[in-house]
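Visitor: Dumping the structure here so I can ask a few things about it.
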Amino acid sequence: MKFIHYFWKNLNNCLHIKSCMAQQIILRDLQRPKKANIDEDIGWLGSSLGFVSRKDTAHMMRQILKRVLTGIAEEEGISTERLARELNIAIQRVNYHVRCLVDAGFLYRRKKRIFLRQGSVRAAVEEIRKDANRMFDNLLVIADDIDRSLGLKNRNRLR
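Dropping the structure here:
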């Protein structure tokens with residue numbers, strides 16, 4: 507199966523990578539929190555990976571992300587029903603935000619439970635990095651084909 511990938515950088519210095527087959531990766535270059543604080547760190551991670559948008563004035567994604575991570579730390583997976591109950595919000599709202607985290611490749615679902623990809627935040631981020639590298643590898647293949655077809659030269663071909 508072939509995937510078509512798109513990427514662009516917007517005015518807010520965000521790199522967007524989107525695959526037509528469901529995964530979208532957004533990277534924002536934000537200043538790290540000055541002091542170690544679990545709430546600030548989770549918020550920074552979510553904002554840096556594009557999970558948290560400026561429109562989320564209720565900080566719902568941040569709350570859901572924190573609760574998912576703490577729930578997974580307590581037991582292997584967590585259900586959307588439990589998240590909705592503990593956060594006192596509609597399950598549809600939880601599902602919407604969880605779907606965004608799944609689409610980004612940070613979480614996955616299995617048997618009505620939500621799991622962190624590869625079992626830890628670091629491993630999940632490393633997997634997202636690998637996904638982005640695969641997307642860029644595909645972009646380079648097509649870019650080389652375009653260069654060759656149009657007769658464009660680059661430094662690598664001048665040698």
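Each residue of the sequence shown is one higher than the last, beginning at 507 in my numbering. All C-beta atoms in this analysis are idealised placements derived from N, C-alpha and C, irrespective of residue type, glycine included. All of these numbers come straight from a predicted model, not from anything done at the bench.
Between R559 and W550, what straight-line distance do the alpha-carbon atoms span, to the nearest angstrom?
Guide: According to the sequence displayed, residue 559 carries Ser and not Arg. About 11 Å.
Visitor: Sort G611, A590, D545 and I544 by Cα distance to A629 and report the nearest one.
Guide: It is G611.
Visitor: Taking the C-alpha atoms as reference points, what is the distance between G625 and E587?
Guide: Answer to the nearest angstrom: the Cα atoms are 21 Å apart.
Visitor: For T576 and R619, I'd like the C-alpha separation in whole angstroms.
Guide: Cα to Cα, T576 sits roughly 14 Å from R619.
Visitor: For the region 642–656 against the region 596–607, do three or more pairs of beta-carbon atoms, one drawn from each stretch, fall closer than 8 Å, so that the two count as touching?
Guide: Counting Cβ pairs under 8 Å, fewer than three are found: no touch.
Visitor: Any idea if I634 is buried or exposed, counting beta-carbon neighbours within 10 angstroms, 16 or more meaning buried?
Guide: Result: buried.
Visitor: Work out the CA separation of K636 and I652 for me, nearest whole Å.
Guide: Cα to Cα, the separation comes out at about 24 Å.
Visitor: Which ranges does the beta strand (DSSP E) cover as unbroken runs of at least 3 residues, wholly within the region 587–615, from first to last along the chain?
Guide: Qualifying beta strand (DSSP E) stretches: none in this window.
Visitor: Who are the near neighbours of L658 in its chain, counting only those whose CB is closer than 8 Å to its CB and skipping five residues on each side?
Guide: Correct list, in chain order: I652.
Visitor: In chain order, what residues of the same chain have a beta carbon less than 6 Å from the beta carbon of F621, not counting five sequence neighbours either side?
Guide: G583 and Y614, listed in sequence order.
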